Structures are given as structure tokens and as C-alpha cells.
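**Q**
Number of protein chains: 4
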Amino acid sequence: MKHHQYAVTPPMGWNSWDCYGATVREEEVQGNADYMAEHLKPFGWEYIVVDIQWSESGAISSAYRPFVPLEMDEYSRLIPAENRFPSAKNNQGFKPLADYVHQLGLKFGIHIMRGIPRQAVHQNTKILGTEKRARDIAKPNSICPWNTDMYGVDHRKEGAQEYYDSLFQLYADWGVDFIKVDDIADSKLYGIHAEEIKMIRKAIDKCGRPMVLSLSPGPATLEYASFLEENANMWRMTDDFWDIWDLLYDMFERCYKWSKNIGPGFWPDADMLPLGHIGIRSVDGGASDRYTRFTKEEQVTMMTLWSIFRSPLMFGGELRDNDDWTLSLLTNQEVLEVHRNGCGARQVYRDNDRVVWSSFGDEQTVYVALFNIADQQQTIEVTINDLGITNNQVELRDVWEQQDVGTITESITYDLAPHASKLLKITDANIKNCHKVTRLNL
Amino acid sequence: MKHHQYAVTPPMGWNSWDCYGATVREEEVQGNADYMAEHLKPFGWEYIVVDIQWSESGAISSAYRPFVPLEMDEYSRLIPAENRFPSAKNNQGFKPLADYVHQLGLKFGIHIMRGIPRQAVHQNTKILGTEKRARDIAKPNSICPWNTDMYGVDHRKEGAQEYYDSLFQLYADWGVDFIKVDDIADSKLYGIHAEEIKMIRKAIDKCGRPMVLSLSPGPATLEYASFLEENANMWRMTDDFWDIWDLLYDMFERCYKWSKNIGPGFWPDADMLPLGHIGIRSVDGGASDRYTRFTKEEQVTMMTLWSIFRSPLMFGGELRDNDDWTLSLLTNQEVLEVHRNGCGARQVYRDNDRVVWSSFGDEQTVYVALFNIADQQQTIEVTINDLGITNNQVELRDVWEQQDVGTITESITYDLAPHASKLLKITDANIKNCHKVTRLNL
Amino acid sequence: MKHHQYAVTPPMGWNSWDCYGATVREEEVQGNADYMAEHLKPFGWEYIVVDIQWSESGAISSAYRPFVPLEMDEYSRLIPAENRFPSAKNNQGFKPLADYVHQLGLKFGIHIMRGIPRQAVHQNTKILGTEKRARDIAKPNSICPWNTDMYGVDHRKEGAQEYYDSLFQLYADWGVDFIKVDDIADSKLYGIHAEEIKMIRKAIDKCGRPMVLSLSPGPATLEYASFLEENANMWRMTDDFWDIWDLLYDMFERCYKWSKNIGPGFWPDADMLPLGHIGIRSVDGGASDRYTRFTKEEQVTMMTLWSIFRSPLMFGGELRDNDDWTLSLLTNQEVLEVHRNGCGARQVYRDNDRVVWSSFGDEQTVYVALFNIADQQQTIEVTINDLGITNNQVELRDVWEQQDVGTITESITYDLAPHASKLLKITDANIKNCHKVTRLNL
Amino acid sequence: MKHHQYAVTPPMGWNSWDCYGATVREEEVQGNADYMAEHLKPFGWEYIVVDIQWSESGAISSAYRPFVPLEMDEYSRLIPAENRFPSAKNNQGFKPLADYVHQLGLKFGIHIMRGIPRQAVHQNTKILGTEKRARDIAKPNSICPWNTDMYGVDHRKEGAQEYYDSLFQLYADWGVDFIKVDDIADSKLYGIHAEEIKMIRKAIDKCGRPMVLSLSPGPATLEYASFLEENANMWRMTDDFWDIWDLLYDMFERCYKWSKNIGPGFWPDADMLPLGHIGIRSVDGGASDRYTRFTKEEQVTMMTLWSIFRSPLMFGGELRDNDDWTLSLLTNQEVLEVHRNGCGARQVYRDNDRVVWSSFGDEQTVYVALFNIADQQQTIEVTINDLGITNNQVELRDVWEQQDVGTITESITYDLAPHASKLLKITDANIKNCHKVTRLNL
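Residue numbers (this note's numbering), protein chains in the order written: chain U, 43 to 484; chain V, 43 to 484; chain E, 43 to 484; chain C, 43 to 484.
(1) Can you have a look at lysine 181/U and say buried or exposed, based on whether 16 or more other CB atoms are within 10 angstroms of its CB?
(2) Determine the DSSP secondary structure at glutamine 95/V, reduced to helix, strand or coil.
(3) Taking 9 Å as the CB-CB cut-off, is asparagine 275/E touching chain C?
(4) Run through chain E and tell me which residues come within less than 8 Å of alanine 267/C, C-beta to C-beta.
(5) Taking the beta strand (DSSP E) that valine 390/V belongs to, which residues open and close that run?
(6) Give the single residue among Arg251/C, Gln389/C, Leu255/C whose Cα lies nearest to the Cα of leucine 212/C.
(7) At what residues does the alpha helix (DSSP H) containing lysine 131/V begin and finish?
(8) Which residues in the same chain as glutamate 452/E place their Cβ atom closer than 7 Å to its Cβ, once the five residues preceding and following it in sequence are excluded?
(9) CB-CB under 8 Å to alanine 262/E, same chain, minus the five flanking residues each way: which ones, in chain order?
(10) Taking Cβ to Cβ, would you say isoleucine 286/U is nearer than 9 Å to arginine 335/U?
(11) In chain U, which residues lie with their C-beta within 9 Å of the C-beta of glutamate 200/V?
(12) Check whether the Cβ atoms of tyrosine 333/V and isoleucine 350/V sit closer than 9 Å, and answer yes or no.
(13) Identify the contact partners of glutamine 161/V in chain C, using a Cβ-Cβ distance below 8 Å as the criterion.
(14) So, is threonine 368/U buried or exposed, given that buried needs 16 or more other C-beta atoms within 10 angstroms?
(15) Thinking arginine 352/U and proline 128/U are a contact (beta carbons under 8 Å), I'd like their distance in whole angstroms, please.
(16) Return the residue from the list Val110/U, Asp395/U, Asp178/U, Trp96/U that minimises the CA-CA distance to histidine 164/E.
(17) Taking the alpha-carbon positions, what's the glutamate 88/C to aspartate 288/C distance?
(18) By Cβ distance below 8 Å, which residues in the same chain neighbour leucine 264/E in space, the five residues on each side in sequence not counted?
(19) Are the CB atoms of valine 447/E and leucine 429/E nearer to each other than 9 Å?
(20) Bridge partners for tyrosine 456/U per DSSP, in chain order?
(21) What separation, rounded to the nearest whole angstrom, lies between the Cα atoms of aspartate 362/V and valine 408/V?
(22) Which residue wins for smallest C-alpha separation from leucine 458/U, given the options Gln406/U, Gly260/U, Val397/U?
(23) In terms of residues, what are the limits of the beta strand (DSSP E) holding leucine 412/E?
(24) By the criterion of Cβ-Cβ separation under 9 Å, what are the contact partners of glutamate 204/E in chain C?
(25) Quick test of your reading: tryptophan 59/E and methionine 78/E, contact by CB under 8 Å. State the CB separation rounded to the nearest angstrom.
(26) Drop a sphere of 10 angstroms on the beta-carbon of glutamate 70/E, count the other beta-carbons inside from all chains shown, and report buried for 16 or more, exposed for fewer.
(27) Comparing C-alpha positions only, which one of Phe308/E, Ser400/E, Ile102/E, Trp442/E sits nearest to alanine 267/E?
(28) Using beta carbons (cut-off 9 Å, strictly below), is glutamate 238/C in contact with chain E?
(29) Hey, methionine 155/V and aspartate 191/V are a contact pair by Cβ (cut 8 Å); roughly how many whole angstroms apart?
(30) For leucine 374/U, list the residues DSSP reports as bridge partners.
(31) Less than 8 Å between the CB atoms is what I'm expecting for aspartate 281/C and proline 259/C, so what's the real figure, rounded?
(32) Note down, in chain order, each residue of its chain lying with its Cβ closer than 6 Å to the Cβ of alanine 49/V, except the 5 sequence neighbours on either side.
(33) Given a cut-off of 9 Å, decide if lysine 137/U and tryptophan 490/U are closer than it, judged by their beta-carbon atoms.
(34) Starting from the C-beta of glycine 86/V, find all residues in its chain whose C-beta is less than 7 Å away, skip the five residues before and the five after it, and write them out in chain order.
(35) Among Ile468/C, Asn472/C, Met293/C, whose alpha-carbon lies nearest the alpha-carbon of valine 441/C?
(36) Please decide whether glutamine 406/V counts as near chain U, where near means a Cβ-Cβ distance under 9 Å.
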């Protein structure tokens, strides 16, 4: 797939949702972009994503205000609320903000809801590039159950593809590099909206600008794994993820299920990282303004799983409020190497709450992650043979600590605290015969 | 996975079900083995599989006789009915028949139902290698809804793994190379029986003999794609497949869904080929003794889909009754090359009832299959670019006809009769950048 | 329940849906009312019901026009489209038409969709009797999947009950006697909307005018039988019923299931009678302008089942186009006596496609209906004893023919053509001990 | 229905399950019968029911022992285990024990599982009155998921009705008055087994002895309300009920749903009363040997709901261990009058956790039950008008206390402790017009 080239490694960035809910403002976006450019860019972080509801001038938290008017252009397309995004004045849309982000050497992303604004449909406004109007293409029985902004678009209607084309033409003009489409991968009322995904895929392919396509919310179903791979770059494996251990615990099973459907350009998504200062203007996830409720062990466990699995990494907190610990989670070169270079990630075994994953690095490198997801201390062990290594002994390195552990024979064993994990690297491995599955990049 | 090495290309063979239902006899197995050795072995066909109910002396068709006694050894293990398999006398089991098959240069397979015989449980017979008995390991709420032979085995019970170990030790002693386990991948009452699959995996790994593991019936769910790949060699994508167009039509969607989960050693299975003389002593599939009801176009379409998708190929008819046409379907070297050598098979596009698939062969080779699955003639077209080829023009060859078509520029176009297909080969393709997904063979 | 007094016998009337879909006009309503007053009133027919979409000026068939503007007053209440109901001008609403119907000695009914107009919500219009506005009470995730007019109303919101109160106050002012609320008994997306039914019940109880409450569509679930009885007068047992044998065949099972939950004031509803000239401006039910597709036998069977079961009888055709046959179905005094006076209706037995029902009349009267719902002729028999009669012999009368049959001993037997039925009456029955179930009319 | 005459008031009795699980012994049955004859008979208690597994000689608790042999006669019929029921020796079955119970002036009941013993099927034993054998009538795909004793019986098979006939002939010979059939009203794997219920109905009707038919477990679905009424005397509204508040809390909703389907002879069943000394040899319900975990308030609330709703009353504890309090719950004449004489029971209203029920007694009598099912004290009020009474003032009596409260005007109001209730009686009520629903007793 051509679009796989837009994200040959899993996207890394910042998203406004976990900290600002539906309310983020331009200066906050800029501030986080500045921070990323200064502190994170050298480590591969690049996307700055404005999440939901940027057309609503009066948004006050993560709780939506039903049916309120949204800023919209004459062609039924939502545009940024100027009181929140002052640079959008004079019909400039997100172009100035995208420019700002670009000049920092970063990329710019936005969130949209699938469909066409309900207000456009009730006003029957125009659609660019067709004589048809909003009412002609809206799909009456297609709403989002948790947000009142949009109706779905009926792919069988003339004007439907034109509408999506006009949206992505606008986003291309603005300079959007990343698009997160919501209410589409697992719409709670109707399941997946495959036909709208196809229209969006076509519209991006036609718009002339590479854009990473991210689909929300989850859980997407494996029954659509082929379809998702062929149409998107990332899709959520879960409903919204927050700083709650049970959600992190469940992610191990989700990652296992999706582990055979990952590859360059298509990334099952474990959702944003609710780290650092979050909930500033959000009441989602059962809490409001706070530092992450995850313990340090849990934070490391999350980062380790996301890294070896190669989930996209989208930081959810207010970057400027990061403490040293939080920053250190995002800037460990050896951990990020696992995320960036690993391939063939697999769950080596799971024995109740003992979990071991591994992936391959360059040449003779094998990455290994040991997880204790029990509520009590446990010993986690894996044999070198189980990792597909034929040597009798190997050299082991602690990835988070960036320190050599020493020579290991036969097996690797660690006592781990509850919810803790260990990320390791073997660099002198003789690896058994592998097979390669070829996937075409069109 | 080590077991992936047992089936690095999709298994090819003969299975007794479509022609003889639950009733096949030794001389019929031998006869089909003889035929295979003479006519098919050079083309890669190698498995001779005795399907269900070989322990029942009085089986008369594909309709099961509920609750009838089965032949069983002292350790609760079913053994061949001697009246049907005379060589099994003196406790020799299937060893003599397996030897017969082996000396022909072929491999021998059998069907089993998951679980332990109900008669063993009610008689509380012994289990080899444990003090526990049949009643101790049976899972009371675990039956097959369509066959009364077995209870499921409860993996939490001491003696459970020992039972499966004892089964596979017996099969290894017999010389079994292929095992089809039934009522397990999609049990109609309970879904998949994952824990019994794990016990079987372990038992095979311990038995000291490579055996291909095939799981039935389907449809297996994609949610278990990772699990199935890690534990089996093939699993059914469908419920029983018969010579009915609607079932073949549906297979295109099933193949599409599973197309990202195929690789050396793990093969989603489109089920047996109901070709030639079938239903001889079977009343399944809505008909009895007959030649296949598929038209010639449909037969070619089936073989083409199975080949490019790389489904296992298990012939269902009485081989000795093959006419020339049927034999030709099984012995086309160039078609079988697609089946044997293809990789990265994918549905290039589907536009209603126009379907195009492709896969890669060695070097600069691309295979292309065009399908018209409509009930009227249609033109099917695919551009060279859509196939991932960068040349302006390529040389095309008709695979079934084994004839060069000539030079093609830009796109390939065929008018196809209803239900017909075309299998093509391009040998001078410059292929766009591909990525490789690495999977470890342990 | 007090409201049970509004319909102590099952309602009988005419409804515009089957003939005019969403488009009926005032003169057509008047014309059918005139006909009813002249030809049907003496037989107990009394309701004239204007079905869906009377606020839409441009309605053209039974197919809805999504999102088109509707006529609405300043308080978010839909009012009749003046071009279709000229007497509604000057804010008179349906009062003049109701007056017209009333002066004929008949009663007037209207259809509404549950909820508040989407256009009111998007315009945030006022609600009578509260400071709250449309947007405050709409339930965002509550639409009808087949019609775009309304959002559901959230009973937890201040102003919600006031809205429904204001609706029914308006209807009371107009003189409405019968209200059919749609998208409420079995909303296809959400099941039953129990909380909105409760609000409507309260609003009617407060409005000062008796109104029969009819809930659509079905199938309502038996799990809500108590609730429906306590809140409504009739509720649909089925999705829309049309002149299709399979739908009529299914009704026997539906009637059986609901047969213990019928009583004075609460009537499970088998839906309208698609008889005579229907589909005039409707494309529903798989056909358009036509005479009913039911055969005469089927028409009698339908009328017999509806009568002995005591379903409401709402004629769906253009009354003025009735032929003698159709009129005769509606004006058979003895059949209507079964409908009006029967009690304790029950399925005596069902033996595949032989079905017998009975009910009790006054004193020593027993009604019996024999149905042959097979596609071939069958003999249907029932013993006198099975009917709860202790006499050795009884006098039998053919109800449709209004002729005495003679003395019967032991059992009643008829050969019936496919889809045919027989409705009989026994007037000298000694009936076995019955018990009475008391239900309070509040 | 003729069988309705066998239980014109809701059955009252003792059942061995709650105290002895699957293990009750003859002397325990006799001891409880003796106690009932002495202490409870005058109050209407009459059934002594031996619950599950009386054919199993080695039963040790409420946990079943899978696949163990059961005592069975030559005709595939289970008979009592002699070590547990010594009087059953010499093929006397339960006749001596039934005689014992009968001579005390009480009635005798037993529990059975639907179907035919699996051991009979595997041994293919005879069936009385037919040449067919066990294997011929067993339904292979019909097991109980929680007990391994039986296969279902296939009503389409010759010999099936004969088998059930032979069972009930045996029970009639023994003198059985009450039969509780299990795994039939809501089989957890297959839903309701309607066809086996019909066979049992027929077998009872033919056996020549009146027997009350009780169906377990629940929840039975309202969709089968008509069917259940026509075929049984009582059926469970719930899965097993134990001394757990949440289960009691849920019963209010269940009773509400079923409240329109109660009448002389057909009694939706809220299950046994887990009062007094229970769990003696049972580990069901999350606890073992104990006095009921219900508080006194909860016990009164349970008895009040069961009484006004008219559920069958089957005491579950070891009667001989009753303390005065427990005995007092069973012997309050005025409470039992509500249970015996009430009719037209209905939930007057439910406002969150305030619940009011009422029913009618003889003449001018109205029973009222006020329930506070919240976890904090609440005031519960009901107006006289809501009870259907036209007087301005009435005389009120406390039923549990058997004391007059005094004159009440307009409404009845009580402050009630958490989980507490009040049962009241009005004897001078002028009751509004009621309607009667007639149901025939055949």
C-alpha cells in the first residue's frame, strides 16, 4: 500500500486529548510544539495533534456540549474556532498553526469526526465540487452515540466522495500531516464504518499530500485486520485508554491478538500515553486534573509494552509540565531503538500473569521484555532457546538502564515487583532460521 | 514455531470424507494411495488421510450412528475397527496401513475428534501414564453437537495432558504424519476450544514425530489468528465446503479476511476439494453419489483461488474414478507452481463481483488471478501499476493453458464467463519496494 | 388503569398509512370519514387516524424525505402542513378536521413520532411551560433509524415532561381521541423506549381528554407485557404488516404468545388490515397501487384471527374504493360480535398447520375458529370437550354465513382449503368451571 | 387447563435442596415431614419434596460427581439409592416414603432431571411399552451443562413419549404428588426445552394421578408465558435463589414482569426460601453450613413479597432446627391469608427503591405491601386512591403484627428501615370497578 510509506515506523507525537479534552487552545498547542522541538525531536517525536472539537468556540472540558453551533465554511466543512485558534482568522484555517509546527521541524495533525456536520445537513449547505448538498449525502441512520456534531455520509450517494475529497483538499492546503478520524473503527452503535473508511482512503490518496491515517475508537475487530491494513496506518485496539491498571493489564491480551498484523506502515494502536500532567481540562477516565495515576513500575511497563509491540506513541500529558522522570521515559535512546527497529514482535509465552515478549533488531540482536503483571512479586524466566537463539551463551544488556548485565547461559531470570517489567537486549545472538512474509508497498 | 517446519508449503493430499463419509475401508484407502503414488506424487501430492469414524465397525454413511460402541484399547484410546481395517488386527492399529502408504512414498494422516470417548468415561477406563481415569479428566459440559463419540477433556485436571500425550504417542508409533482434529476450531456450542488445542500442541511436540496439525471445523475466528498460527498448521475458514456455488462465492470474502495471516507453516484452510466422484457413501452437502456439481468454470475458479491464496489442497473424490479433466486439474505444473511458490498473496481489489488477486513468485515473477463471480459475463481489468510493477510493459502467460499471451502495456483485461477466472503469470516484472515481515521458525 | 376505560373494547377505525403512506390530504381524510359515518359507524367503526408526516408539506409517498423542514409552532411542536390540511390555517391545527370528524359521530386520531423535532433542537427553540429549550431536553444518542424528524427526549432533563405535556395539551385542544406513537415500542436501534412511554402516559393523564394510546412499531417484547399494559391501550406485536401470506402465517404464533395478556383496555395489536385499495401513494410492503394481494380465503382468515384474538381493527385501504366483498368483511354483525364480546381467547391447540382458537361469549356461548394455515387442504377437528363444554351435544352456527349448522356431538370437523378458516358459535354450551382473574380499572 | 386444578393456591412445602444439596437421606425427609405435620400443616404447608440426585448412592454435597453410576431399573428409569432410602429396597421405590408422608396428611414430591440417563443410553437399555431402546430416543446434542446424568429425549422419535409415560406411571405408582423437573425451563445451553415439557405434560395427564408440575431452573422467559401457563403449574422466574440481598432486590423486578401471568393453577416461582438452618451439606450459594444470612428485615421482606405476589412457598432449611423466629415466619395466619386469598396482585408503583404492591382479598379487602429496598431509611407512601379505593377513609391493620392500626385518610405512610417492609390490610374498602379476565379450567 502506498500509504504505508507515510509511517514506516510507528508514529510518535503529542495529542491534546488527555490533558485538554475538547478545549485545547492555539498557545497550548504551540507551547507543546516548542517543548517537543527542544526536548523530544532528536528522539524521533514529531507529530503535534489537535484533538476533537476544535470548531467549537465554547468547549469547556472533555464533556461535549450537545448540538451547539460549530464554525463551518460555506462548503459544509468545519473550520477552527477563531477564539481558540486566533491564527485561523481570515479563513486561514489551521494553515498558520501548521506552518508554526512545520518551522519547528515537526509535523501537524488534527482530529475529525467521520461524517458531515448535522448543522450542515439541517441547513442543507453546499458541498464543493458537486451540485449536491449536505442533505443529499447524509446518512440518516448514522450518528455517533457520544457526540452530536455529525451525520455519517452515505457512500452510495452522488456527492459523497466529493465531500470527503473537499475535506482532505482543505487539510492538504492547511498542511496537515496526520489525521485522526473518530467514531469510525468501532462505532458503538453500528460497528466499523468500512465504507466511510474507504472514502477517506481515496480522498487522502487524491489530495496530493501524504497524511498518516489513524482510526478511532476501538476495539477494532480482527475480522477487519486485512481491511484496516489496506486502508489505514493505525487503528485502535481498545476503547479509550487511561491511567488505570486494569486497562493496562488488558492491553497484553490485545497486543497478543494483533501481533501478527503489524508491519511497516500499519500499526495497531494501544492508544495515547496518559503520562505526566493530564486531565487539566478533561473529566474523562474517571478523574480530572492530576499527575498520572500509574506507578513508576506501571509507567515503565506501559512504555516497554508499547515499544516492543511497536504501538504508535502519542504522549497525552502537558509536555511543559513534565518532571525529569517523565521526560526520561520519552528520551531513552535504547528503549526507542526497540520501538524503532524491532521487527517480528511476538509474545514468547504467557503463563497466567507472567508474560514474555521478544522482537528482532538488526543483525544478531534480539530484544526481550519480561513482564510481571501479577499483584505480587514473581520470578519471570525465559530460555535462550525459546527466543530462537542457538548460542549456548549470550551477552545481555539492560535497555532501560543502558548497562551491560553480563553473560547469560541457557535462560534469563528476573524477580520482578508487582506490575514491573524488564527490557533486555541480546546483541550476539545466532538466530534460527526465520521466514519472511512479503508485503508490497504500493 | 517449530511445527511450522512440518508444512513449509501448503499440504496436498487426499481425504476420504467427500467420497466415503464415515465409512472408508482399508482397501479404498490403499487404492487411492496407489493412484496418488502413480499419478499425483510427482506433482507434490503426498497425504492420504482417513477421515472420521474409523473406530466404528458399523458406519454406513456420512450420517453418524449415535452412541454406538467404538473400538477402543485398554487406555481409553480409539483404535481402528478391524472389519474395516483388517491390517489393524493384533493391536497393530494403523501401523500397517501407514507403512503401506509410506512405502509408496506418501504420508499418512488420520482424523480424530477432540476429547475422550464417552464410552470410556462411562466405563471409567484407564489412561496411560497416570493413575487418573477417564472420568477424572472428562469435561462434563463439553460435547460435540453433531457427534456422540466424545467428551471434551478438562485441561485443569490431572491426567488430562497425559491422555493427549498417550494418544499422540500411539499415533507416532503408528507412523501418523498428519492429524485432523475435529470439533475444535469452531465448536458450534462453545466456540473455539483453545485449551484443548494447547494440549494437543504440547502432545505433538512431545511425541517425537513431526505431524501436521489441521483443525476443524470452521469458521475459525480472526480473533484467534495469532493463537492458531502459534499452535496449528492449518485451520478451517469455513464450515464444511461442498460443490455448491454459494459456498464458493463466499470463500472469496473469507480468503480476503485471512490473507494477512498466511505464511510458511500456517495455512488458513478453505476445506477439501469436492471434485470428481463424490458422495459415494455420503449424504452430506445436500446430495449423494454423483460427479461434482461444479461446472468446469467453477472447478477452475476454485482451483485458482485455492492456489493463489495457498489453501491446503485436499482432494475429496474417489481418485480412481477421475476422468481426464479432473486429473488435469490436479496435475497442472504451472498452476501448482503458483500454489507452491507464491507469497504475499493479496486481493488487489474487489469491485462487487469482480475480484483480482495477486502474489509474488521467484525473482521478477508476479501471479495474477482474475475472477468473475457474477452470474453474467463481465470484463475484469487490472493495471500493471496496481500489481506493484514499475515496468511500462510486461510479458504475460496464461497459467492454466501454459501458453504465452504476449506483451501487455498498462493493464490486463479479460472478458470472463459467469463464475469463470483467469490465472496469469508475469515473469519480467520490476517490483516496487516490498517490506518483509519476519516470523521466527523455532 | 384509568386509561383502560378509554378502550374497553378493541379500537376499530381507519388509518391512512396503507393507502396514502406519508402523504394523506385533508379531503381524503374527510372522504373516508364520510364513508365510515355512512357505512361503518353502525357496526362500531369509529376512529379516523391521520398517519405519519402530516407536518411535511412536500411528502410524496411512503418513502420519507430526509431532513426536510417540517411545519412547527414556536414551542417546538409540529403542526399540520397547511397545503395538505387547509383547515389548519390560522394556527387552528387539527381542530377543524377533528371537529369535522366529531360531527359525523366519529373519533379523530393522529400519529406522532416520539421525541422532539431535530430542527427544533438545532434551532434551539422554546418549550411551553419551561425556561428550558429544545436543546436542553433532546437525547443526543436517540434517533429513529428510518426517519429523520426527531431526537428522543431525555426523561432525566428538566423540561422533558413539560414538553410532552405541552404536546398533549395541544392535541387535547385540537380534540384528538387517539394517538399512535411511533418508533417507541420496538425502536430498531435501542429496543423499547420505556421512559418516553412513561412521560407520554403522564402527559395524557394530565391533558384532561381521554385518548387511546397506541404504540408502534413492533414486535414489542413479552418481557414488557406488564409495563405495556400499565401504560398503553395497544401495542404492536409485529413490525409492519402487509398483504403477504408469510406475515399472516407468523401472526398465529404472535397471537398465541400474547394471548394471556389481553383484556379490557389493553390490546396487543396485529396491525392494520391491508384490505381493499391500498398502496395508492405508498411503496411500502413490496408493492404499490393495488387491490390487496390476499386471496379471499386469506382475508377471511385474517379477519377471523383478528376478531377472535380481539386485535384492534384498523382498516388500511381507501374506504371509498371498497367493493361489496371488502365492505362485507367489515360489516358482518356476527363476526363483529365475536370481536366485541369475546373474552378469554385462547389457542385450543396447534398441530403443525392446524390451528384452533376459541373464546367465550355471553352466557352459554362459545366461539370457535378453525384455521388451515397449510398450503394444501386439511381436515381440522376439535372436540367439544377440548372447548371446555360438558354437554354431549351442542348447536353450531356458522358465524360468517350467519347460518345454523345443526347439532354436533363430540367434535367439530371441517375440511378447509389452503389458508382458509371457519368461525363458529355454540350457544347452548355448559361450560366447565372457569376462574376469573381480576384486574383493577383505576 | 385441567392441571390448574391441582394447585388452585400456590403450593407450600419443604424441599431438601437448600439444606442437604444432593444428599438428603430418608430419615431426614421423614424428620422434616414429621415436623411439618406437627407444626406447619394447620397453616397450609403440605409438600415434602426430595430434591436432586436421589439415585446416587455416594452423593456428598451440592457438588455433583460427574458420570458416577446411578441406581436404575431395567426400563432405564432412575430409582432411589437404597443406602440413602432404605425403604426403597425390593423395588419399592419411593412408595414407602410417599406412604409415610401421606399418612401424616401431607403430600410427597420428587425432583427429576429432564431426559434419559446417559448410562441407559450407553448401555442401550430397554424402555417400557415399546420395542425402542434408550439409544433410539436420546437426543445426542442435548445435555445439561451442570450435571452429567441425562441426555435429552427427542420428541420426534418413536418411543420418546412412551419413555416419559413410563416414568410418570412409575411415579404415580409410588404416590408422587409433586414433580420438579430440572434443566428444562432455562437450560443454560439451549434455552427452554418446550418439546420435552409437552411430553411431560402429556405423561402426567395420562398417568391417572394429579401431580403438580414445577419447572426449573430459571429465569424462564416471558416469551413463553402462554406456553408455561398451559403446560405447568409453576416455573422459576430466576436462577437459583439464595440468602443474598442482591438476589432478593432483583426479585422485585422479576415479580413485576410476571405479575400479569399469575392465576389459579399457574404460579411464577420466586424459588425456595433460604431460611433457618441451611447449607448443611451444600456448598451452593457461596456459603456452607449456616443460619440464613438474611437479616430479620430481609426475611420479612422476602416473605411479604412472596406472599402478596403469590409465589409458591417452599421452605429450604432443616425444619427441625427452626428457632421461634423462623417458625413465626411460616405460621402467621394473617400473612398466609394474603398468600392464599389474594388476587390481582400488582405493583402499584415503583419509584427507584420505593416499591408498593397490592392485591385484593375477599369482599372489601385490599392488601398493601410497602417495601423500602434502599440501603438507607426511606418514607414510603401510597394514596388510598392509587389502591383503587373510593372511600375517603379506611381502617388499616398491620398484617404481620395482627394489630389494627386505626383509621387512615387519603394515604398510608411509613418510615421503613433499609430493606424493611410493611404488610397491611384494609377491610372496609369500596373498590372501583374491576374487570375480570376469564380463564378456563379444563
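By construction, the Cβ of each residue, glycine as well, lies at the ideal position given by its N, Cα and C atoms. It should be emphasised that the depicted structure is a prediction, and the values quoted were computed from it without experimental measurement.
**A** In brief:
(1) With 16 or more other CB atoms across the displayed protein chains lying within 10 angstroms of its CB, lysine 181/U is buried.
(2) The three-state secondary structure of glutamine 95/V, taken from DSSP, is coil.
(3) So, not an interface residue.
(4) Leu264, Ala267, Lys299, Lys302, Asn303
(5) Valine 390/V: member of the beta strand (DSSP E) spanning 385-393, first to last residue.
(6) Arg251/C
(7) No alpha helix (DSSP H) contains lysine 131/V, which DSSP labels as neither H nor E.
(8) Only Thr425, Ile426 meet the Cβ criterion.
(9) Scanning its chain for C-beta atoms nearer than 8 Å, with the 5 sequence neighbours on each side dropped, one finds around alanine 262/E the residues Ala227, Asp228, Ile234, Leu270, Trp277, Arg278, Met279, Pro310, in chain order.
(10) yes
(11) Result: empty, since nearest Cβ-Cβ is about 18 Å, beyond 9 Å.
(12) no
(13) At a C-beta separation below 8 Å, glutamine 161/V has these neighbours in chain C: His164.
(14) buried
(15) 38 Å between Cβ atoms; not a contact.
(16) Val110/U
(17) 30 Å
(18) Lys299, Trp300, Asn303
(19) no
(20) Ile422/U
(21) Going by the sequence as given, residue 362/V is arginine instead of aspartate. Cα to Cα, the separation comes out at about 35 Å.
(22) Val397/U
(23) 408-414
(24) Those do not exist, as glutamate 204/E stays about 20 Å from chain C at its closest Cβ, beyond 9 Å.
(25) Rounded, the Cβ-Cβ distance is 16 Å, inconsistent with contact.
(26) buried
(27) Phe308/E
(28) Chain E, which has no Cβ nearer than 9 Å to the Cβ of glutamate 238/C, makes this no.
(29) 5 Å
(30) Going by the sequence as given, residue 374/U is asparagine instead of leucine. Looking at the DSSP assignment, asparagine 374/U forms no beta bridge with any residue, so it has no partner.
(31) 6 Å
(32) Val254, Asn275, Gly307
(33) No information on residue 490/U is available, as it lies outside the stretch 43 to 484 that chain U covers here.
(34) Met54, Leu378, Arg382
(35) Ile468/C
(36) no
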